[in-house]
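Engineer:
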Amino acid sequence: MVRTRFAPSPTGYLHIGGVRTALFNWLFAKRHGGQFVLRIDDTDQQRNVDEALAPILHGFRWLGMDWDEGPEVGGPFEPYYQSQRLERYQTAAKKLLADGFAYYDYATPEELDAERKAAEAAKRPFQYSRAYMAETEAERAKWEAEGRSFVVRLKMPREGVCAFNDSVRGDVEFQWSKENDHVIQRADGTCLYHLASVVDDHDLEITHVIRAEEHLSNTPRQIFIGQSLGYELPQYAHLPYVAEPGSKNKLSKRKLEKYLKNADFKRLNEHGQAIAEQIKLQTSAETFNPVIVDFYELTGYLPEAILNYLVLLGWSLDDKTEDLTIDEMIANFSLERVTKAPASFDCKKLWSFQDRYMQKLPLKQKTAKCLSFLQAAELVADPAPCEAGPKLTRIIEACGDRLKVLGDIIAYADYFFVADDQMKYDEKAFAKRLSDPQPQALLAKFRQTLAALETWDVATLDKAMHDFVAAEGIKIGEIIHAVRIGTTGQGVGPGLFDCLDILGKESCLARIDRTLALAAERNAT
Ligand code: GLU
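Put into C-alpha cells, the structure is as follows:
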C-alpha cells in the first residue's frame, strides 16, 4: 500500500512550488491506489496554527486536491499535527539516548563557537569535539554541578558513507564525515524537526517521501535517525525545485519585488490587482502575488489549468504532450519520469494553459463560475435573480476568447448589469469619439432608426446599421464607436450588435438619450 504525505508548515499561504510538490505526492498515491496524507509541521509554531493553516487547506480544496487523512478529515493515525505528537518524539529521543545513538551535550554556545572558529582558522571542516558529551548519569551530574544546561545531539557516524537510492536522483552518497552531531531535543524537552519528521513518517506508515530537493541534504541525518530507531526506511524522491521565470534560482515569496520587475509577472500582477480592485478586495503585495495560490483563485484561473501546468514542472508524459486531464495525469504519473533539472516557472506559459482551458470550459460551468465573480463585485445580487444566468451566458458567448480568466468578466459584464443611469463612461473614449457635433448628430439620427425597429436581434441590428451607413454615405467607423460609447460607455468590448441585443431596446434608447444629453451639456460648457 502506497502512502505519501505533504507536510506544510502553517505559514499563512500556499506557495505555488509547494503545490507542485504536493501534486506529485497526490498523483503518485492515486496512481497506486494509495493514500495521500496531509501532516502539519507546526513544531516551531508560536501561535494560531488554525489561522495560518486555513489558507493552505483552502488552497488544496480549491485545487481539488483532496487528502485522505489529515486536518479536518481525521484518519486512523490522528493527530496529524506535530505539535500534538511531542510525546512520540520524546519517547524516540529517549530510545536513541538509551541505545547510544544520541547523547546529552553540555557545551555552551560560546564553546561551540570557539571550536567552529578554530576549525575555520585551520581550514578544516568543523566537527564537534564532543568535549561536553555526557553518556552516563555520573557525567551528566558533573556538568550539571557546573550549572550547565544541555541539548540532546545525535551521535552521528564519522566514517564511511551514507548511501541510498532516490527515485529521482538515483544512487546518492554522502560522506558521514561531513555531517554534524545535529540537535534533536532541547533542554525544555521540545524536539526538533528532523526527529519529528522521521518519527511521523514511520508512525504514519509513509512509504514514499516525495519532497523538494532542498531536503536532500537532510536525508543522511534522517536515515541515521530512522535506522537507529530500527525503522524500515521510506523510499525517497527529491524533486527538482521550481525556479524563477527564465532562471535556475529558486522561486520564493520573499523575492517578489524582484519578480515584479520581470515583465510577465508585472503584467500578471497588475491584471490581478485590477480584478481585486473591482471586487473591492483589500490586497497587498504580501498577500496577493503570483507565487501564492490565492492569487490564481482570486483572479479566476481554473484549477485544472494550474494543475496541468504544474505537473509539467519536472515531469512529462513524453516529449510533446502538454494537455492532460487529471485522470490522464493519475493514469500516467511516475517518479521515473521526473527530471533532475530545476523547472522554470513561466507565467506566460501558465497563462496559455489557462487560455486553452477557459476556451474548453463548457458554457454552463463558465456561467456559474463567472456569476460568483459578479456577485463578489456586487454587480449581481446573491442569490442571483433568475434572468441573470441566461443574460450572463449571452455575455460570455459574446465575449468569446476575450475572457482569459474568470475575473475578466467583471470588466466586460459591468455595463450590462448596472442601471441605465448608472453606466460609467470611459472618458478618454467619450472625448475622442463624441465631443464633435458630427458624431453626436449621427448618434441622434441612428437612435431614431433604432427606435423604429420592430424586431430586436443581432441580424436586424446589423442590417439596420449597414443600411444607415449606406443612406448617410458615411463610413461605419463614424457611427459604430459613437453607438458603443452611447450604450456601453466603453470604447471597446464584445461585438456591438451582441451588446445591443443583450441590453435590449429600452435600455439602449435610454442610454443613448443620456449620452446625448451629457454631450450637449459638455458642448455648452
Ligand atoms: N515541513 C517541511 C517543509 O515544509 C517538510 C519537509 C519534508 O517534506 O520532509 O519543507
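The sequence shown begins at 1 in the numbering used here and counts up one residue at a time. Glycine included, C-beta positions come from ideal geometry on N, C-alpha and C. None of the values given here were measured: they were computed from a predicted structure.
What are the residues that DSSP puts in a beta bridge with N308?
Structural biologist: In the sequence shown, residue 308 corresponds to position 308, counting from 1. DSSP output for N308 lists no bridge partner at all.
Engineer: Near A102, what residues of its chain come up, given a Cβ to Cβ distance below 7 Å and the 5 sequence neighbours on each side ignored?
Structural biologist: Stepping through the sequence shown from its first residue, residue 102 is reached at position 102. Cβ neighbours of A102 beyond the five flanking positions: A93, L96, V152, R153, L154, K155 and I184.
Engineer: Less than 9 Å between the beta carbons of A419 and F446, yes or no?
Structural biologist: Numbered from its first residue, the sequence shown carries residue 419 at position 419. Numbered from its first residue, the sequence shown carries residue 446 at position 446. Contact flag unset, no.
Engineer: Just mark T321 as buried or exposed, buried being the case when its beta carbon has 16 or more other beta carbons within 10 Å.
Structural biologist: Your numbering for residue 321 matches position 321 in the sequence shown. Exposed is the call here.
Engineer: Is P79 near the ligand GLU, judged by its Cβ being under 8 Å from some heavy atom?
Structural biologist: The residue labelled residue 79 in the question sits at position 79 within the sequence shown. No; taking the cut-off as 8 Å, the Cβ of P79 has no heavy atom of the ligand GLU nearer than that.
Engineer: DSSP on R211, reduced to helix/strand/coil?
Structural biologist: Your numbering for residue 211 matches position 211 in the sequence shown. Note: R211 maps to strand in three-state DSSP.
Engineer: Return the CA-CA distance between G407 and D457, expressed in angstroms with no decimal places.
Structural biologist: As a working note, residue 407 is residue 407 in the sequence shown. As a working note, residue 457 is residue 457 in the sequence shown. Those two C-alpha atoms are separated by around 28 Å.
Engineer: With H, G and I counted as helix, E and B as strand and the rest as coil, what does DSSP make of W176?
Structural biologist: In the sequence shown, the residue the question calls residue 176 occupies position 176. Three-state result, W176: helix.
Engineer: Grouping DSSP H, G and I as helix and E and B as strand, with all else coil, what is Y231?
Structural biologist: Position 231 of the sequence shown, counting from 1, holds the residue named residue 231. Looking at Y231 - three-state DSSP - the assignment turns out to be coil, as it is neither helix nor strand.
Engineer: Work out the CA separation of Q278 and A376 for me, nearest whole Å.
Structural biologist: By one-based count along the sequence shown, residue 376 stands at place 376. By one-based count along the sequence shown, residue 278 stands at place 278. Whole-angstrom Cα-Cα distance: 9 Å.
Engineer: Mind checking whether the beta-carbon of R254 lies closer than 8 Å to any heavy atom of the ligand GLU?
Structural biologist: Position 254 of the sequence shown holds residue 254. Outside the cutoff, so no.
Engineer: Should the stretch 200-213 be called in touch with the stretch 5-17, which here means at least 3 C-beta pairs below 8 Å?
Structural biologist: The stretch 200-213, when compared against the stretch 5-17, does touch it at the 8 Å Cβ threshold.
Engineer: Can you give the beta carbon distance from E387 to L363, rounded, assuming they're within the 8 Å contact cut?
Structural biologist: In the sequence shown, the residue the question calls residue 387 occupies position 387. In the sequence shown, the residue the question calls residue 363 occupies position 363. Their Cβ separation, rounded to whole angstroms, is 17 Å, which puts E387 and L363 out of contact at 8 Å.
Engineer: Based on the DSSP output, what are the partners of I292 in its beta bridges?
Structural biologist: Numbered from 1 along the sequence shown, position 292 holds the residue referred to as residue 292. DSSP output for I292 lists H15 as bridge partner(s).
Engineer: Would S217 be called buried (16 or more neighbouring beta carbons within 10 Å of its own) or exposed?
Structural biologist: Position 217 of the sequence shown, counted from the start, is the residue given in the question as residue 217. Exposed: under 16 other Cβ atoms inside 10 Å.
Engineer: Shorter than 8 Å, the distance from the beta carbon of E213 to the closest heavy atom of the ligand GLU, or not?
Structural biologist: If you number the sequence shown from 1, residue 213 lands on position 213. For the ligand GLU, not one heavy atom lies less than 8 Å from the Cβ of E213.
Engineer: In the stretch 89-117, which residue ranges form an unbroken beta strand (DSSP E) of at least 3 residues, counting only runs that do not cross its ends?
Structural biologist: Here the runs fully enclosed are 102-105.
Engineer: Just checking D41 against the ligand GLU - is the residue's beta carbon closer than 8 Å to any of the ligand's heavy atoms?
Structural biologist: Within the sequence shown, numbered from 1, the residue matching residue 41 stands at position 41. For the ligand GLU, at least one heavy atom lies less than 8 Å from the Cβ of D41.
Engineer: Answer yes or no: do F128 and E115 have a C-beta to C-beta separation smaller than 9 Å?
Structural biologist: Start at 1 with the first residue of the sequence shown, and residue 128 comes out as number 128. Start at 1 with the first residue of the sequence shown, and residue 115 comes out as number 115. It should be noted that the sequence gives Tyr, not Phe, for residue 128. Result yes, Cβ atoms of Y128 and E115 sit closer than 9 Å.
Engineer: If distances are taken between C-alpha atoms only, which option among R221, A119, L23 and N262 comes closest to L307?
Structural biologist: As a first step, residue 307 is located in the sequence shown; it is residue number 307 there, counting from the start. Checking every option, the nearest Cα to that of L307 belongs to L23.
Engineer: When the Cα atoms are used, what is the spatial distance from P439 to G17?
Structural biologist: Translated into positions along the sequence shown, residue 439 becomes position 439. Translated into positions along the sequence shown, residue 17 becomes position 17. P439 and G17: Cα-Cα distance of roughly 54 Å.
Engineer: Look up A187 in the DSSP assignment and say whether it is helix, strand or coil.
Structural biologist: Start at 1 with the first residue of the sequence shown, and residue 187 comes out as number 187. The answer is coil: DSSP assigns A187 none of H, G, I, E or B.
Engineer: Quick one: using the 10 Å Cβ neighbour count with 16 as the cut-off for buried, is D401 buried or exposed?
Structural biologist: Locating residue 401 in the sequence shown gives position 401, counting from the first residue. D401 should be labelled exposed.
Engineer: If Q35 and E69 are in contact, beta carbons under 8 Å, what's the gap, nearest whole angstrom?
Structural biologist: Position 35 of the sequence shown, counted from the first residue, corresponds to residue 35. Position 69 of the sequence shown, counted from the first residue, corresponds to residue 69. Confirmed, Cβ separation roughly 6 Å.
Engineer: Any idea what DSSP makes of Y236, helix, strand or coil?
Structural biologist: Translated into the one-based positions of the sequence shown, residue 236 becomes position 236. If DSSP states are grouped into helix, strand and coil, Y236 belongs with the strands.
Engineer: Can you grab the Cα-Cα spacing for the pair K475 / D498, in whole Å?
Structural biologist: Residue mapping note: residue 475 aligns to position 475 of the sequence shown, counting from 1. Residue mapping note: residue 498 aligns to position 498 of the sequence shown, counting from 1. Cα to Cα, the separation comes out at about 20 Å.
Engineer: Below 8 Å, how does it come out for the stretch 366-383 and the stretch 236-252: are there three or more Cβ pairs, yes or no?
Structural biologist: At 8 Å Cβ cutoff, the stretches do not touch.
Engineer: By the three-class DSSP mapping on this structure, what secondary structure does V2 have?
Structural biologist: Position 2 of the sequence shown, counting from 1, holds the residue named residue 2. V2: coil per DSSP, three-state reduction.
Engineer: Specify the secondary structure class of N165 as computed by DSSP and reduced to three states.
Structural biologist: In the sequence shown, the residue the question calls residue 165 occupies position 165. In the structure shown, N165 sits in a strand (DSSP, three-state: E or B).
Engineer: For Q35, report the span of its beta strand (DSSP E) as first-last.
Structural biologist: Position 35 of the sequence shown, counting from 1, holds the residue named residue 35. Its beta strand (DSSP E) spans residues Q35 to L38.
Engineer: Can you give the Cα-Cα distance for T190 and T43, rounded to whole angstroms?
Structural biologist: Counting from 1 along the sequence shown, the entry for residue 190 is found at position 190. Counting from 1 along the sequence shown, the entry for residue 43 is found at position 43. Cα-Cα distance, rounded: 8 Å.
Engineer: Under the three-state reduction of DSSP, which class applies to E244: helix, strand or coil?
Structural biologist: Locating residue 244 in the sequence shown gives position 244, where the first residue counts as 1. Residue state, collapsed to three classes: coil.
Engineer: Considering Cα atoms alone, identify which of L27, L38, W62 and V49 is closest to F295.
Structural biologist: If you number the sequence shown from 1, residue 295 lands on position 295. It is W62.
Engineer: Considering only the alpha carbon of each residue, which of L500, A381, Y236 and D346 lies closest to T455?
Structural biologist: Walking along the sequence shown from the start, residue 455 turns up at place 455. The shortest C-alpha separation from T455 is found at L500.
Engineer: Taking the alpha helix (DSSP H) that V151 belongs to, which residues open and close that run?
Structural biologist: One-based indexing of the sequence shown puts residue 151 at position 151. Segment V151 to L154 is the beta strand (DSSP E) holding V151; no alpha helix (DSSP H) there.
Engineer: Starting from L260, trace the alpha helix (DSSP H) in both directions and tell me its first and last residue.
Structural biologist: For the purposes of this step, residue 260 is taken as the residue at position 260 of the sequence shown. No alpha helix (DSSP H) holds L260; DSSP gives it neither H nor E.
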